[in-house]
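Numbering (the working numbering), first residue to last: 2 to 203.
Built from N, CA and C at the ideal position, the CB exists for glycine as well.
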């Protein structure tokens, strides 16, 4: 039997294998996207058990309805949109966003000394607190659009569909959020770039 390297498949090819009842493809998709789905879900509804249940329901539904699925060229978009629908369906309570919680630490090219680690940690904490303080003043929808567009790297079209907005409305909402950030912190966009939140087109 031919060995399948799922990581080498395109999204369309991987999704097609799922549709063709390939359990390995489902497991690979689950392993690849669970962490990202969980983090996004926790920004919609800060209830760990609920989010995990919704992710489980999502993959159970994927498997049971696999033969009715349409081929997609963006598994990430499909999963994010589906998870949001699941969470909204299961709970109407609104969770607060925290865009800069549990950011992965930047990889060091050398083994830092204790003093360097201490300084880096303090600098990161100060930066994150400043970013979080400014962003926390944004309305929830503006926080969500920043998270999807820049942290998760979804396209404007994908962000619009997940948030049930027109593309024009998405641009307007995103512009409002960015204008607020620019007017309240002259260094913020620079900090976003340093943190890895790299707006496309900037």
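Exposure of residue 138 is indicated by the presence of fewer than 16 other C-beta atoms within 10 angstroms of its C-beta. In terms of Cβ geometry, residue 81 and residue 163 form a close pair [threshold 9 Å]. Secondary structure note for residue 171: its alpha helix (DSSP H) is the uninterrupted segment 168-185. Taking residue 56 as the centre and dropping the five residues before and after it, the same chain places the C-beta of 38 closer than 6 Å to its C-beta, in chain order.
Per DSSP, residue 163 is one residue of the alpha helix (DSSP H) stretching across 157-163.
Put simply, of 61, 67, 33, 51 the residue whose alpha carbon is nearest the alpha carbon of residue 18 is 67. Shown here for residue 25: same chain residues with a beta carbon closer than 8 Å to its own, the five before and five after excluded, namely 5, 7, 18 in chain order. The C-alpha of residue 15 is placed about 22 Å away from the C-alpha of residue 41. Taking C-beta separations shorter than 6 Å and ignoring five residues to either side along the sequence, the partners of residue 73 in its chain run 16, 79, following chain order.
The three-state reading of DSSP puts residue 73 in coil, since its state is none of H, G, I, E or B.
Cβ atoms of residue 12 and residue 75 come within 8 Å of each other, at about 6 Å. Between residue 178 and residue 168, the C-beta spacing is not below 9 Å. Burial of residue 171 is indicated by the presence of at least 16 other C-beta atoms within 10 angstroms of its C-beta. Assigned with DSSP and collapsed to three states, residue 47 falls in coil, not helix or strand.
Pairing residue 155 with residue 85 gives a Cβ-Cβ distance that is not under 9 Å. With fewer than 16 other Cβ atoms from the protein chains shown falling within 10 Å of its own Cβ, residue 134 counts as exposed. Counting along the chain, residue 5 sits inside no alpha helix (DSSP H), nor does DSSP assign it H or E at all. In the three-state reduction of the DSSP assignment, residue 42 falls in the helix class, which pools H, G and I.
A residue is called buried when at least 16 other Cβ atoms come within 10 angstroms of its Cβ; residue 52 meets this threshold and is buried. For residue 145, the enclosing alpha helix (DSSP H) has its first and last residue at 141-147. The beta carbon of residue 58 is closer than 7 Å to those of 87 in its chain, skipping five residues each way along the sequence.
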